[in-house]
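Asks: Position 39 of the sequence shown, counted from 1, bears residue number 858 in the numbering used here, the numbering being contiguous throughout.
One structure, pasted below without further comment.
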Amino acid sequence: MNATHINNMNYKELINIEKLPQHISIIMDGNGRWAKKQGGTRIFGHQHGVKPVYDVVESSTEIGLKFLTLYAFSTENWNRPKIEIDALMNLFISTINKELKKLIENNIRLLVIGNINLLPKNVRNKLLLSIELTSKNTGLTLVLALSYSSRWEILEAVKLIASDVKNNIIDAYNIDENTFKKYLSTKEIPDPELLIRTSGEFRISNFLLYQLAYTELYFTETLWPDFTKNDFYKAIYNYQTRERRFGMTGEQIKNSTR
Ligand code: FPP
């Protein structure tokens, strides 16, 4: 099989629907570099980053994925120029305005993780309304990480736990992984089995640090605006070819699936 063949491969057909991950998370990266290559502004790049968002959401509903988390805006992104931040906030609002009806029709539940108190009031209110209106949906749960960073999330959890210990609501000696998870913003969400990062960067960038403990990592050179449904299926196919060992030996895994 030559390289052209591989590029033309229809990865959706190769996916084993019986062995889908429950939760895929994506670090959507490369909008700025994509725009530069086109001779456009960074904002132009973000505008072209919306189509792949639609595509991965649509693909996820097509194959029956349960959870999809998209890293849309990090705590560190607040340090970007104001004009870029404003443009991103407008993109979030306009996309939700356009798509809310479709989310409801397609049985998609919207959740947001992150410090939403830092978001402009109109963005925050729109998000809260959309979360409320889709809260009963039972299909895909689409999680937007907005104004999110993992260290922020872990510190928030520590503060809440400290307060509950002080008020005798929980006992410090009985805190285990299950207790800790309940204080994270992902309390209703299983850990991702697969993390995809686009644009050829090999970093986690303060994203789901606690939840990624056993996650399979998939990096692609493709810049986010060029990321297609087939690229998404390819990442899932690649995940399905791996052996997940959770610290055990390959032999133990083989015996347990016999
Ligand atoms: C990273 O690329 C991308 C972002 C910080 C923003 C992501 C936003 C979108 C994809 C727009 C639409 C999203 C939704 C949820 C409607 P970068 O700017 O860091 O690119 P660079 O590393 O090439 O500079």
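Heads up, the beta-carbon is just placed ideally off N, CA and C, and yes, glycines get one too.
It should be emphasised that the depicted structure is a prediction, and the values quoted were computed from it without experimental measurement.
Could you tell me which residues DSSP puts in a beta bridge with Ala964?
Replies: For Ala964, the beta-bridge partners assigned by DSSP are Tyr890 and Ile932.
Asks: What first and last residue would you give for the beta strand (DSSP E) that runs through Leu839?
Replies: Run containing Leu839: none; DSSP gives neither H nor E here.
Asks: So Ile932 and Ser844 are supposed to be a Cβ contact under 8 Å. How far apart are they, rounded?
Replies: With 8 Å as the limit, Ile932 and Ser844 do not qualify as a contact, their Cβ atoms being about 10 Å apart.
Asks: On the three-pair Cβ rule with 8 Å, is the segment 1008-1017 touching the segment 844-861?
Replies: Here the segment 1008-1017 lies against the segment 844-861, with 3 or more beta-carbon pairs under 8 Å apart.
Asks: Taking the beta strand (DSSP E) that Phe999 belongs to, which residues open and close that run?
Replies: Note, Phe999: premise wrong, no beta strand (DSSP E); alpha helix (DSSP H) at Glu996 to Lys1001.
Asks: For Leu922, which option in Pro900, Val962, Leu979 and Asn941 has the closest C-alpha, if you only look at C-alpha atoms?
Replies: Val962
Asks: When the Cα atoms are used, what is the spatial distance from Thr823 to Leu947?
Replies: Note on Thr823: pLDDT 47, under 50, position unreliable in the model; the coordinate value appears next. Roughly 46 Å separates the two Cα atoms.
Asks: Taking just the CA atoms, how far does Ala991 sit from Ile834?
Replies: Between Ile834 and Ala991, the C-alpha separation is close to 44 Å.
Asks: Considering only the alpha carbon of each residue, which of Leu938, Ala976 and Leu839 lies closest to Phe892?
Replies: Here the closest residue by C-alpha is Leu938.
Asks: Tell me which same chain residues have a C-beta within less than 6 Å of the C-beta of Glu1040, skipping the five on either side of it?
Replies: Gly1019
Asks: Can the beta-carbon of Ala964 be found closer than 8 Å to that of Phe1026?
Replies: Judged by their CB atoms, Ala964 and Phe1026 are nearer to each other than the 8 Å cut-off.
Asks: With distances taken between CB atoms, is the gap from Phe911 to Val942 smaller than 8 Å?
Replies: yes
Asks: Taking Glu837 as the reference, which of Ser954, Thr1068 and Ile1055 has the closest Cα?
Replies: Ile1055
Asks: Grouping DSSP H, G and I as helix and E and B as strand, with all else coil, what is Arg1016?
Replies: Three-state DSSP puts Arg1016 in a strand.
Asks: Could you check the C-alpha separation between Met908 and Phe999 for me, to the nearest Å?
Replies: Rounded to the nearest angstrom, the two C-alpha atoms are 31 Å apart.
Asks: So, at 8 Å on beta carbons, what are the nonlocal neighbours of Asn821 in its own chain, with the 5 sequence-adjacent residues on each side left out?
Replies: Annotation note: pLDDT 49 at Asn821 (below 50); position unreliable, coordinate value reported separately. Counting only Cβ-Cβ distances below 8 Å, and skipping sequence neighbours, we find nothing.
Asks: Say the cut is 7 Å; is the CB of Thr914 nearer than that to a heavy atom of the ligand FPP?
Replies: yes
Asks: Are the beta-carbon atoms of Leu919 and Leu952 separated by less than 8 Å?
Replies: yes
Asks: Please check the pair Ile1058 and Ser878, which I expect to be a contact at CB under 8 Å, by giving their CB distance rounded to whole angstroms.
Replies: The question names Ile, but residue 1058 is Tyr in the sequence shown. Under the criterion of beta carbons closer than 8 Å, Tyr1058 and Ser878 do not qualify as touching, at roughly 14 Å.
Asks: Do Asn797 and Gly883 have their C-beta atoms within less than 8 Å of each other?
Replies: The question about residue 797 has no answer here: the residues shown for the chain are numbered 820 through 1077.
Asks: Does the Cβ of Arg1022 have 16 or more other Cβ atoms within 10 Å, making it buried, or fewer, making it exposed?
Replies: exposed
Asks: Just to confirm, does Phe863 get its C-beta within under 7 Å of one of the non-hydrogen atoms of the ligand FPP?
Replies: no
Asks: Can you name, in chain order, every residue of its own chain whose Cβ lies under 6 Å from the Cβ of Gly851, other than the five neighbours on each side?
Replies: Arg861 and Gly864
Asks: Any idea what DSSP makes of Phe1046, helix, strand or coil?
Replies: coil
Asks: Quick check on Leu839: buried or exposed, where buried means 16 or more other Cβ atoms within 10 Å of its Cβ?
Replies: With 16 or more other Cβ atoms from the protein chains shown falling within 10 Å of its own Cβ, Leu839 counts as buried.
Asks: Any heavy atom of the ligand FPP closer than 7 Å to the beta-carbon of Leu1014?
Replies: no
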